[in-house]
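Enquirer: Heads up: the sequence shown at position 20 corresponds to 75 in this note's numbering, and the numbers run straight through without jumps.
Yeah, the Cβ is synthetic: ideal placement off N, Cα and C, and Gly gets one too.
This one's a predicted model, so the numbers in the text were calculated from it and none came from an experiment.
Below is the structure I would like to discuss, written out as structure tokens.
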Amino acid sequence: MASFVDPTRLDPRSLDPLLDRNVAWAQAKTRDDPTYFQRMAETQTPRYLWIGCSDSRVTANDVLDLDPGEVFVHRNIANVAHTSDMNLLAVLEYAVAVLKVEHIIVCGHYGCGGIERALGEERTALVDYWLQPIVMLYRKHRAVFDALPGPQARLGRMCEINIEMQVRRVAATPLVENAWVRGAALQIHGWIYGTHHGLLRDLGPTLSSLAERDALPSIDERVLHPVEPRSSLRRHAIEAFAAGSPSF
Ligand SMILES: [Zn+2]
């Protein structure tokens, strides 16, 4: 019997394997839950907005173990919240005003290539404009960062402090301010993901009002005084994180 060989299968550039995986995924979903796509098509009701890095290893649905429809996502290099970024602002507005998400999670990750770039000397690409707030913070506090024990510690600390800075920037947008003034139950969190063990860690205080935001120490203060009191609620996550973590 003659066998038919699809020529696209022999072309290593073909994206057919991806389309095949999609078919298999959709079939499996439907097999497990026959009305799944019908429900998905009708509405989305995510409770979370994720503002994360574009890094291919840090995908919100995977690391949170959530299904499609459960988290609204904005990603860019080094999870920067530029307050003139129409993309971010449009996402933020839709998430807060229309979807009425309850939590905004700003999530960066250790070993971030964008942060590593900001700590280096090369300034020849468009991404260097994007990373400028991080570069400026590093330059301002260079003595503090350079006193850390080695480049990995420096990179890890800057990954953390960048998240804290972006939390403050998101909390300073009129969109978030107005939501809090209206009495919306909206919380902002700063988390970091460890690509080496897959665990998330809560980095700092949860913001749920203008008063809490305004009581935060400035980002300069946080650079100079990195240790922060930890609530018992956060201790479990921190201990779980530390169990498989190299020291940063
Ligand atoms: Zn990154």
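(1) Under 6 Å: does the beta carbon of D110 sit that close to some heavy atom of ligand 1?
(2) What runs of the beta strand (DSSP E), each 3 residues or longer, lie entirely inside the segment 93–152?
(3) Just how far apart, CA to CA, sit P188 and R102?
(4) Measure how close the beta-carbons of H164 and T250 come, nearest whole angstrom, since I'm counting them as under 8 Å.
(5) When the Cα atoms are used, what is the spatial distance from I160 to A198?
(6) Quick check on M141: buried or exposed, where buried means 16 or more other Cβ atoms within 10 Å of its Cβ?
(7) Give me the Cα-Cα distance between P229 and Q221, rounded to the nearest whole angstrom.
(8) State the CB to CB distance for the pair N131 and I170, rounded to an integer number of angstroms; the pair is presumed to be in contact (CB under 8 Å).
(9) Could you name each continuous alpha helix (DSSP H) segment of 4 residues or more that falls completely within the segment 211–283, going from the start of the chain to the end?
(10) Whole angstroms is fine: what's the gap from A96's alpha carbon to D88's?
(11) Which two residues bound the contiguous alpha helix (DSSP H) that contains G169?
(12) Can you find a heavy atom of ligand 1 that lies under 6 Å from the Cβ of C162?
(13) Can you tell me whether DSSP reads V182 as helix, strand or coil?
(14) Rounded C-beta distance between I106 and V225? I'm assuming under 8 Å.
(15) Tell me whether V156 sits in a helix, a strand or coil according to DSSP, three-state version.
Expert: According to the structure data:
(1) Taking the sequence shown and counting its residues from 1, the one referred to as residue 110 is at position 55. Of the heavy atoms belonging to ligand 1, at least one sits nearer than 6 Å to the Cβ of D110.
(2) If one requires a minimum length of 3 residues, the beta strand (DSSP E) runs lying completely within the segment 93–152 are 103–108 and 126–131, in chain order.
(3) Mapped onto the sequence shown, residue 188 falls at position 133. Mapped onto the sequence shown, residue 102 falls at position 47. About 29 Å.
(4) Translated into the one-based positions of the sequence shown, residue 164 becomes position 109. Translated into the one-based positions of the sequence shown, residue 250 becomes position 195. Taking a contact as a CB-CB distance under 8 Å, the pair H164 and T250 counts as one, their CB atoms being some 6 Å apart.
(5) Position 105 of the sequence shown, counting from 1, holds the residue named residue 160. Position 143 of the sequence shown, counting from 1, holds the residue named residue 198. If you take the alpha carbons of I160 and A198, they lie about 30 Å apart.
(6) Counting from 1 along the sequence shown, the entry for residue 141 is found at position 86. By the C-beta density criterion, M141 is exposed, having fewer than 16 other C-beta atoms within 10 angstroms.
(7) Taking the first residue of the sequence shown as 1, we reach residue 229 at position 174. Taking the first residue of the sequence shown as 1, we reach residue 221 at position 166. Their Cα atoms are separated by approximately 15 Å.
(8) Along the sequence shown, one-based indexing puts residue 131 at 76. Along the sequence shown, one-based indexing puts residue 170 at 115. Contact between N131 and I170 fails: their C-beta atoms lie close to 13 Å from each other, not under 8 Å.
(9) Runs found: 229–236, 265–269 and 274–279.
(10) Translated into the one-based positions of the sequence shown, residue 96 becomes position 41. Translated into the one-based positions of the sequence shown, residue 88 becomes position 33. In a straight line, the C-alpha of A96 is about 14 Å away from that of D88.
(11) In the sequence shown, residue 169 corresponds to position 114, counting from 1. Counting along the chain, the alpha helix (DSSP H) containing G169 begins and ends at G168 to L174.
(12) In the sequence shown, the residue the question calls residue 162 occupies position 107. Incorrect: C162 has no Cβ contact closer than 6 Å to ligand 1.
(13) For this step, residue 182 is matched to residue 127 along the sequence shown. V182 falls in the helix class under three-state DSSP.
(14) In the sequence shown, residue 106 corresponds to position 51, counting from 1. In the sequence shown, residue 225 corresponds to position 170, counting from 1. Right, their Cβ atoms sit about 7 Å apart.
(15) As a working note, residue 156 is residue 101 in the sequence shown. For V156, the three-state secondary structure derived from DSSP is coil.
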